[in-house]
Amino acid sequence: MSNTQYNNIERPWKNNEWLIWPRTILNDINMSDCNDTIEGVCYENKSLEDCIKQCPYDECGVGIYVKFKSGDSICAPLKTSGNPNLSPDYRLKRQQMYNLDPDIVESSVFVNTKLFPFPPNLSNTVFFGDIFELVSIDGKTKLNTNIVTNTDKEKRSKVIMDKDTISRCKLLPSIKSANHAVHDIPVVFGDKFEINSANTSFVTGVKNNLLQWKEALGIFGGGGLTFTFIPTEPGKRTGDLVTYSDDVIISYSEGGTVSINSKNELYINTNNTSTTKFKLRSLMDGYYCDNGQCKSVPINKITPVRYPGTWEKRPPENVLSSGTYKGNNVFNHEGCWDMCRYIKSGEKDKGTISISNSHFIPFPKFDKKSNLCLIVIISIVLSILIVWMLYKVFKNSE
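Under this note's numbering, think of the first position of the sequence shown as 9, with each following residue one higher.
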């Protein structure tokens with residue numbers, strides 16, 4: 009089974025503000041084990057309801073509930089307050105990803121939709137790990153990343169803007185991680201990052217005020233390599249999501265901002281009045297539902313819109329974090345979570361995924377209360393059968 013097939017998860021069940029995903033697990037499970045729970049421990053033999061109660065709203069937005077066919081269970085309410093922008097919805101995978109046999113064990117993921125609404129509509133938002141073109145504000149030139157393949161060391165170190173070139177950039181967190189989940193974190197104004205030539209080890213550094221391509225220095229990055237985005241639109245501030253609709257100023261961590269000189273080289277301008285702006289042009293695909301099928305569309309072809317719905321934590325109105333295509337909501341998750349068949353029809357509900365209202369409990373036949381009810385029902389049926397048989401015997405003896 010390919011990795012993308014693990015994206016085809018089952019329809020969730022709803023319990024108040026919680027969505028419960030049956031036979032589902034989170035990827036990068038090493039960052040979601042018992043050490044990452046609210047109290048640093050997992051709980052044993054709790055019901056699903058009791059497990060959810062161990063997940064307080066202010067600290068915990070997701071948890072994993074594992075129930076074995078024997079009736080034993082493990083509860084892991086995960087602490088999410090440290091990464092409030094890392095939505096677990098992007099990490100949902102079929103439990104077979106970790107070879108969990110559903111005939112022996114069922115893993116369920118429960119997510120608080122007040123913290124992490126489903127589906128997350130952030131298709132026009134820049135994420136760490138996205139591949140994009142860094143473009144001048146007039147759109148005439150873009151950052152040449154193909155230059156790093158030049159065999160001439162001096163030439164390949166130049167960071168220049170060209171008209172006809174390949175530009176494939178990526179933002180890396182200043183403190184990198186081996187966990188793929190960092191790619192599921194949206195970039196906000198004020199985040200520190202390194203500018204990477206995608207699929208290479210080269211990042212931009214600074215020497216004599218000129219930007220240069222340098223080999224990355226390892227997992228913790230290195231001094232003199234980090235930048236941040238500064239918003240240019242009135243009303244936007246540090247902490248707001250960076251979108252592909254934004255014009256941005258690139259600030260250098262050691263002071264100054266990135267500008268373009270007469271040779272189209274990028275350099276650090278320490279003049280406080282510098283306002284050189286750039287745009288990020290996405291090279292990523294988005295995904296939308298059309299007649300029950302999940303289809304792809306380049307992000308640069310979507311219509312940017314504000315976050316839909318009434319989520320109380322949605323971005324401000326001037327942050328166009330979301331997108332539509334042909335009137336359909338666009339998601340930045342391949343396969344659309346296999347939820348397109350559950351899309352509601354009708355103009356009012358267009359693009360809305362219908363969620364079951366039933367309460368899901370894995371292996372209900374092994375629940376003690378369910379067993380008791382089953383025993384009572386069987387006893388009643390047997391009693392009726394015995395009475396009926398005695399009646400037949402009595403009638404035949406007359």
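The beta-carbon is built from N, C-alpha and C at its ideal position, and this holds for glycine as well.
Query, Result
"Expressed to the nearest angstrom, what Euclidean distance is found between the alpha-carbon atoms of glutamate 202 and isoleucine 257?", "15 Å"
"Cβ atoms of isoleucine 72 and serine 115: under 8 Å apart, would you say?", "yes"
"Quick one: using the 10 Å Cβ neighbour count with 16 as the cut-off for buried, is proline 64 buried or exposed?", "exposed"
"Tell me the start and end of each unbroken beta strand (DSSP E) in the stretch 53-108 that is at least 3 residues and wholly inside, in chain order.", "70-76, 81-86, 100-102"
"So, for valine 196: in the same chain, excluding its five sequence neighbours on each side, which residues have a beta-carbon less than 8 Å away from its beta-carbon?", "Asn93, Thr246, Gly247, Asp248, Leu249, Val250"
"If you drop the 5 nearest sequence neighbours on each side, which residues of the same chain put their C-beta closer than 8 Å to that of serine 267?", "Leu274, Tyr275, Ile276, Asn277, Ser282, Thr284"
"Between Glu67, Arg314, Ala84, which lies nearest to aspartate 58 when the distance is taken from Cα to Cα?", "Ala84"
"Do you know whose CA, among Thr265, Phe237, Lys171, Asn207, lies nearest valine 214's CA?", "Thr265"
"Quick one: residues in its chain with C-beta nearer than 8 Å to the C-beta of aspartate 80, no 5 flanking neighbours on either side, listed in chain order?", "Glu52, Asn53"
"Less than 8 Å between the beta carbons of threonine 133 and proline 181, yes or no?", "no"
"Taking Cβ to Cβ, would you say leucine 219 is nearer than 8 Å to phenylalanine 126?", "no"
"Mapping DSSP to helix, strand and coil, what is cysteine 42?", "helix"
"List the DSSP bridge partners of asparagine 120.", "Trp26"
"I'd like the list of long-range same chain contacts for isoleucine 310, defined as Cβ closer than 7 Å, with 5 residues on each side in sequence excluded.", "Ser131, Asn132, Gly294, Gly331, Thr332, Tyr333, Val338"
"Considering only C-alpha positions, which residue in the set Asn154, Asn120, Met169 is nearest to serine 270?", "Met169"
"Does the distance from the CB of isoleucine 174 to the CB of threonine 153 come in under 8 Å?", "yes"
"Given a threshold of 16 other Cβ atoms within 10 Å of its Cβ, counted over all protein chains shown, does threonine 318 qualify as buried or as exposed?", "exposed"
"Do glycine 343 and cysteine 302 have their C-beta atoms within less than 8 Å of each other?", "yes"
"Looking only at DSSP bridge pairs, what is methionine 169 linked to?", "Leu151"
"For the beta strand (DSSP E) containing arginine 289, list its first residue and its last residue.", "286-290"
"What are the boundary residues of the beta strand (DSSP E) that includes lysine 222?", "218-223"
"Going by other Cβ atoms of all chains shown within 10 Å of its Cβ, with 16 needed for buried, is phenylalanine 20 buried or exposed?", "First, the residue type needs correcting, since residue 20 is proline and not phenylalanine in the sequence shown. With 16 or more other Cβ atoms within 10 Å, it is buried."
"Could you spell out where the alpha helix (DSSP H) holding glutamate 162 opens and where it closes?", "161-164"
"To the nearest angstrom, report how far apart aspartate 199 and serine 259 are at their CA atoms.", "11 Å"
"Considering Cα atoms alone, identify which of Asn120, Leu56, Pro110 is closest to glutamate 25.", "Asn120"
"In this structure, does DSSP put isoleucine 183 in helix, strand or coil?", "coil"
"Of the residues Asn35, Ser290, Val156, which one's Cα is nearest the Cα of alanine 224?", "Val156"
"Could you check what DSSP says for lysine 334 in three-state terms: helix, strand or coil?", "coil"
"Per the DSSP calculation, isoleucine 258 is bridged to which residue(s)?", "Phe237"
"Could you compute how far the alpha carbon of phenylalanine 286 sits from the alpha carbon of phenylalanine 118?", "40 Å"
"Using three-state DSSP, classify threonine 318 as helix, strand or coil.", "coil"
"Determine the DSSP secondary structure at lysine 200, reduced to helix, strand or coil.", "coil"
"If you count every other CB in all the chains shown that lies within 10 Å of the CB of proline 128, and 16 or more means buried, which is it?", "buried"
"Evaluate phenylalanine 368 with the Cβ neighbour count: other Cβ atoms within 10 Å of its Cβ, from every protein chain shown; 16 or more gives buried, anything less gives exposed.", "In this prediction, phenylalanine 368 has a pLDDT of 42, which is less than 50 and means its spatial position is unreliable; what the coordinates show is noted afterwards. Buried, since its Cβ has 16 or more Cβ neighbours within 10 Å."
"If you measure between the beta carbons of methionine 105 and asparagine 35, is that distance less than 8 Å?", "yes"
"State the start and end residues of the unbroken beta strand (DSSP E) segment that holds lysine 309.", "Unbroken run through lysine 309: none, as it is neither H nor E."
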